[in-house]
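Each residue of the sequence shown is one higher than the one before, counting from 169 in my numbering.
Cβ coordinates follow ideal geometry from the N, Cα and C atoms, glycine included.
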Amino acid sequence: MDAHTSTIVFSPVTVPAAVRARIGLILLNSDEVGEGAFKILMPEDVAVYTTRTGYSHAGGGFTTPTSFTDIAKTLPPGNRFDVLAFSCTSGTVALGIPKLLHELEQACPGVKYTSPGIAMIEASKRVNAKRLALLTPYGFEFHQKFLPFLAGAGIHVAADGVFECKTDVDICELDVEEILGAAKVLVRQSNADALFLSCTSMPVVPHLARFEKELGIPVMSSTQAMAWHALRLAGYATPTAGFGQLLNLR
Numbered sequence: 169m170d171a172h173t174s175t176i177v178f179s180p181v182t183v184p185a186a187v188r189a190r191i192g193l194i195l196l197n198s199d200e201v202g203e204g205a206f207k208i209l210m211p212e213d214v215a216v217y218t219t220r221t222g223y224s225h226a227g228g229g230f231t232t233p234t235s236f237t238d239i240a241k242t243l244p245p246g247n248r249f250d251v252l253a254f255s256c257t258s259g260t261v262a263l264g265i266p267k268l269l270h271e272l273e274q275a276c277p278g279v280k281y282t283s284p285g286i287a288m289i290e291a292s293k294r295v296n297a298k299r300l301a302l303l304t305p306y307g308f309e310f311h312q313k314f315l316p317f318l319a320g321a322g323i324h325v326a327a328d329g330v331f332e333c334k335t336d337v338d339i340c341e342l343d344v345e346e347i348l349g350a351a352k353v354l355v356r357q358s359n360a361d362a363l364f365l366s367c368t369s370m371p372v373v374p375h376l377a378r379f380e381k382e383l384g385i386p387v388m389s390s391t392q393a394m395a396w397h398a399l400r401l402a403g404y405a406t407p408t409a410g411f412g413q414l415l416n417l418r
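What follows is the structure, encoded as structure tokens:
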């Protein structure tokens, strides 16, 4: 056999990816629904980079085993995306928006930031909700934290309900028709003009258009609202059909 004599060196030719926006997404390690739901809402020319973190809600708070800076290090470099999204509604409420934004800014300076809790406020205002119905899957005491959180942002909750699920698995496996039935009760008793379904683990994104048809009002969910807000923050304003009115709004 002839001895190897030389290696051919080729000059690399690169072609930038044909994407209009890039989003970094931090998910909880227990969320079996949120990642897939977020990605089906994304247009083909939007790239999504994901990572996950453990967490604790001990004492009604929210902590992660490592810092948000360390979590963000498992994503591509910050100069490679436009928006950093933290995919936890309850975590946003527990931390408060100012603290969460500070953590995200420290973790990845120079981009824009959102979460389901932040997007819940922005989306409710965008659909001009005056009488919001709120449905969550959390424990009763934690659910109650949402009321002052929304009131502090000028959002009036006309009716609210809770499933009191014990684990994220329970939330992921909530029956869609039970969710719709509970939503109908809240909307009927309050004459609500919009509905928010909280928690990225709640399996509702594929059903939002049907919910809106049956309820006759805008229906928002944690993942849908966060996707809408992330896209708009990235400067992506093209409507996305089939997942509720919100994604058709700038």
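- In the three-state reduction of the DSSP assignment, Ala253 falls in the strand class.
- Taking a C-beta distance under 8 Å as the contact criterion, Leu342 and Pro305 qualify as a contact pair.
- Per DSSP, the unbroken alpha helix (DSSP H) holding Leu272 starts and ends at Ile265 to Ala275.
- Taking a contact to require three or more Cβ pairs closer than 8 Å, the segment 187–197 and the segment 349–367 do not qualify as touching.
- As a beta-bridge residue in DSSP terms, Lys280 pairs with Val251.
- Sequence-distant partners of Gln413 (beyond 5 residues in either direction) whose C-beta falls short of 6 Å from its own C-beta, in its chain, are Pro386.
- DSSP places Thr219 within a strand segment (E or B) once states are collapsed to three.
- Secondary structure note for Ser358: its alpha helix (DSSP H) is the uninterrupted segment Val344 to Ser358.
- Counting C-beta pairs closer than 8 Å gives three or more between the segment 388–404 and the segment 250–265, which meets the contact rule.
- Of the residues assessed, Thr408 falls on the buried side of the cut-off, its CB having 16 or more other CB atoms within 10 angstroms.
- Annotation: the continuous beta strand (DSSP E) that includes Val330 extends over Val325 to Val330.
- From the listed residues Thr335, Gly322, Ala360 and Tyr223, the smallest Cα separation to Gly329 is found for Ala360.
- Just measuring C-alpha positions, the residue of Gly204, Lys241, Gly202 and Ile191 sitting nearest Tyr217 is Ile191.
- Taking 8 Å as the cut-off, the Cβ atoms of Trp396 and Leu415 count as close.
- Judged by DSSP in its simplified three-state form, Ser179 adopts coil rather than helix or strand.
- Linking Cys340 to Pro184 through their CA atoms gives a straight-line distance of about 37 Å.
- By the Cβ neighbour-count rule, Glu212 is exposed, with fewer than 16 other Cβ atoms within 10 Å of its own.
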